[in-house]
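Chemist:
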Amino acid sequence: MNETERDRRCWERVAGGDPTAFTELYDRYADLLYSLALRIVGSTSDAEEVLQDSWLQAWRSARTYDPARGAVGAWLVTITRTRALDRVRSLGSRRRAEGAAPVEAAADPPAPAPDPATGYARRALRKDVAAALTALAPQQREVVELAYFEGLSQSEIAARLNAPLGTVKSWTRQALLKLRERVPVEALP
Amino acid sequence: MSRHREEHLELCAARVLGVLDEAGERELEAHLAEGCAQCEAELRALSGGALVLAMSVEQHRAPAAVRARVLAALESGGASGRQAEPGAVERPRRPWVASPAGALLAAAALLAVALAGVTTWRRTDELTRELGAARAITDSLQRSLDEERRWAAVMSAPDARTVKLAPTPQGAPALAAEVHYDPASDRALLFVQGFVPPSDRDYELWAITAAGPTSLGVVHAGPDGRAVVRVERLTRDGAVAAFAVSLEAAGGSPDHHKPSGPVVMLGKLAS
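Heads up: the protein sequence lines correspond to chains A and B, in order.
For what it's worth, the working numbering labels the leading residue of the first sequence as 1, then goes sequentially.
For what it's worth, the working numbering labels the leading residue of the second sequence as 190, then goes sequentially.
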């Protein structure tokens, strides 16, 4: 059974109201979701709130998860990313979109986890992920990162990069498919 | 039936990144609702790509406190209020946001629901913590109350005995002390007045048994010279025949079985 299938079964138990299954998934994904939230919001206190709200939202809406549209991990990541971007917008802070200091230079930079040994974030997978990003053409990478981490619309990205909207759309899709191709399917949550 | 077009695949990519505009969202949703295996497969592949993006960020350890809060909320039912009927699969549908005004209203409604959710959660979390703190205080007060009741019982115990201590010729006439002893609980209460020692001196209480004196400790009275001293296991060194108070150097006698200073009060326990 691969991780996607394992997570899906686990989430079925969560949808049935099983808190043990929820804890299992929490421990598997909390580091990833927290890291993602931190990357987007830039402060540990905001990232903590985003993480907390995201899990509670996932628990409340467990039954709305549709496995046909993507893996559990992808769904959790989507919830967290959306909440993180909402938080950035609600704070009126677009420092990341403005190209200001990266999170590493933020006022309260947290120490990076040495290398989380638990959960799915293993060293080999991380290496594949890094290689997949590096393999993208710089514009393709920039397009998906601006959309994903900054929440910029495709029109905004086109304006910023001074590229035609159609090209931005095409780069976006190509970049995502390439990323997916370069990371082993069975390893993805 | 909306036929599959290449543009639908780009709409899928924009949706996966959460940057699909309203018109695109409507179009894609209508298309998917009619069943398009190609787009469904595309969405799965693209969401995998988005996941790779998410995994590319520098990894940090999620704080344990968040885990505790989330699980506590689940246990206390703070995260209840699940949506959707069992078995239902909700998909994003936005037919009711056809006009800008409708979109604004919808956004306001969503915001209100979201804020209510967040507020409810925060409030629940807050109340849970307050309740926990209140319980701790109540427990502590209850323990104190039980303790006070046990000490008060010393005074009202049926076979409690009372000893009045009288100043010796070395003691100041203002000294007054009384011991209440409950043999059942083996506890004693000492009430004192006029215990204002000269500077660098302390009054020390002694129990006298057949084996000799045993220190019951230095008496620290308030500025008014009054104090209540509680003694547990009074007869641990044998039956007490008398009580005495000595005037010692600050801190009490170095020998716990022999007063160093003069005995200033004495009271015998009637046999």
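Ideal Cβ positions, reconstructed from N, Cα and C, are used throughout, including at glycine.
Which runs of the alpha helix (DSSP H) fall wholly inside the region 133-187 of chain A and span at least 4 residues, in chain order?
Modeler: 138-150, 154-161, 165-182
Chemist: Could you say which of A/F22, A/P19, A/L38, A/Y29 lies nearest to A/E150 if we only look at CA atoms?
Modeler: A/L38
Chemist: From A/S35 to A/T64, what does the alpha carbon distance come to, in whole angstroms?
Modeler: 25 Å
Chemist: Pair every Cβ in the region 411-424 of chain B with every Cβ in the region 328-337 of chain B, then say whether three or more of these pairs are closer than 8 Å.
Modeler: Two segments are said to touch when three or more pairs of C-beta atoms, one from each, lie closer than 8 Å; by this definition the region 411-424 of chain B does not touch the region 328-337 of chain B.
Chemist: Return the bridge partner residues of B/R350 from the DSSP annotation.
Modeler: B/Y370
Chemist: Give the straight-line distance between the Cα atoms of B/R318 and B/E247, rounded to the nearest whole angstrom.
Modeler: 33 Å
Chemist: Check the C-beta distance from B/A203 over to B/G213 and give it rounded, since I have them as a contact under 8 Å.
Modeler: 6 Å
Chemist: Looking at the C-beta of A/D193, does it have a partner C-beta in chain B at a distance below 8 Å?
Modeler: There is no way to answer for residue 193 of chain A, as the model of chain A reaches only from 1 to 189.
Chemist: CB-CB under 7 Å to A/Q140, same chain, minus the five flanking residues each way: which ones, in chain order?
Modeler: Once the five neighbours on either side are set aside, the close Cβ partners of A/Q140 are W171, Q174, A175.
Chemist: Against chain B, does A/Q139 count as a neighbour if the rule is that its beta carbon must be under 8 Å from one of theirs?
Modeler: no
Chemist: Assign B/M454 to one of two classes, buried (16 or more other C-beta atoms within 10 Å of its C-beta) or exposed (fewer than that).
Modeler: buried
Chemist: Looking only at C-alpha atoms, which of A/E12, A/S54, A/G92 sits nearest to A/T202?
Modeler: The question about residue 202 of chain A has no answer, for chain A in this structure spans 1 to 189.
Chemist: Got a sec? Which residues, its chain only, sit under 8 Å from B/P402 by beta carbon, not counting five neighbours each side?
Modeler: Counting only Cβ-Cβ distances below 8 Å, and skipping sequence neighbours, we find W395, A396, A433, H446, K447, P448.
Chemist: Under the three-state reduction of DSSP, which class applies to B/A380: helix, strand or coil?
Modeler: For the sequence presented, residue 380 of chain B should be read as Phe rather than Ala. In the structure shown, B/F380 sits in a strand (DSSP, three-state: E or B).
Chemist: Could you tell me the alpha carbon to alpha carbon distance between B/L209 and B/A262, rounded to whole angstroms?
Modeler: 33 Å
Chemist: Here's the rule I'm using: 16 or more other beta-carbon atoms within 10 Å means buried, otherwise exposed. How should B/I326 be labelled?
Modeler: exposed
Chemist: I need the straight-line Cα distance from B/L217 to A/D18, nearest angstrom please.
Modeler: 34 Å
Chemist: Please classify B/T317: does DSSP put it in a helix, a strand, or coil?
Modeler: helix
Chemist: Can you tell me which of the three DSSP states B/G401 falls into?
Modeler: strand
Chemist: For the structure I just gave you, are there three or more beta carbon pairs, one from the region 223-230 of chain B and one from the region 14-31 of chain A, closer than 8 Å?
Modeler: no
Chemist: Do A/D7 and A/G73 have their CB atoms nearer than 8 Å?
Modeler: yes
Chemist: Tell me, to the nearest whole angstrom, how far the beta carbon of B/S245 is from that of A/L133; I am working on the premise that it is less than 8 Å.
Modeler: 5 Å
Chemist: Residues of chain B with CB under 7 Å from A/E36, in chain order?
Modeler: Residue identity differs from the one stated: residue 36 of chain A is Leu in this sequence, not Glu. Ordered by position in chain B, the residues that pass the 7 Å Cβ test against A/L36 are A243, V246.
Chemist: Pick out whichever of B/E229, B/A251, B/E264, B/L260 has its Cα sitting closest to the Cα of A/G70.
Modeler: The residue with the shortest Cα to Cα distance from A/G70 is B/E229.
Chemist: When DSSP labels each residue in this structure, what does B/A277 get in the three-state scheme?
Modeler: Low local confidence applies: a pLDDT of 35 at B/A277 is under 50, so the model's placement there is unreliable, with the coordinate-based value given in what follows. The three-state reading of DSSP puts B/A277 in coil, since its state is none of H, G, I, E or B.
Chemist: If the cut-off is 9 Å on Cβ atoms, which residues from the region 147-180 of chain A count as contacting chain B, listed in chain order?
Modeler: The region 147-180 of chain A vs chain B, Cβ under 9 Å: A147, Y148, F149, G151, L152, S153, Q154, S155, E156, I157, G166, K169, S170, T172, R173, Q174, A175, L176, L177, K178, L179, R180.
Chemist: Sorted by chain position, which residues of the same chain lie with C-beta nearer than 6 Å to A/L179's C-beta, five sequence neighbours on each side aside?
Modeler: The residues are A132.
Chemist: Please determine whether the Cβ atom of B/D389 lies at a distance below 7 Å from any heavy atom of the ligand FAD.
Modeler: In the structure shown, the ligand FAD is absent, as is every other ligand, since no ligand is present at all.
Chemist: Please report the distance separating the alpha-carbon of B/T398 from that of B/V368.
Modeler: 15 Å
Chemist: Against chain B, with Cβ distances strictly below 8 Å, would A/R8 count as a contact?
Modeler: no
Chemist: By how many angstroms is the C-alpha of B/G321 removed from the C-alpha of A/L124?
Modeler: Note that residue 124 of chain A is Ala in the sequence shown here, rather than Leu. Cα to Cα, A/A124 sits roughly 44 Å from B/G321.
Chemist: Within 10 angstroms of the Cβ of A/L219, are there 16 or more other Cβ atoms? Answer buried if so, exposed if not.
Modeler: Nothing about residue 219 of chain A can be read from this structure; chain A reaches only from 1 to 189.
Chemist: So if I threshold CB-CB distances at 8 Å, which residues from the region 192-210 of chain B count as touching chain A?
Modeler: L198, E199, C201, A202, A203, V205, L206, G207, V208, D210
Chemist: In chain order, what residues of the same chain lie with their CB nearer than 7 Å to the CB of B/L232, ignoring the 5 residues before and after it?
Modeler: C201, V205
Chemist: Flag B/P252 as yes if its beta-carbon sits less than 8 Å from any beta-carbon of chain A, otherwise no.
Modeler: yes
Chemist: With DSSP run on the structure shown, which of helix, strand or coil describes B/P412?
Modeler: Judged by DSSP in its simplified three-state form, B/P412 adopts coil rather than helix or strand.
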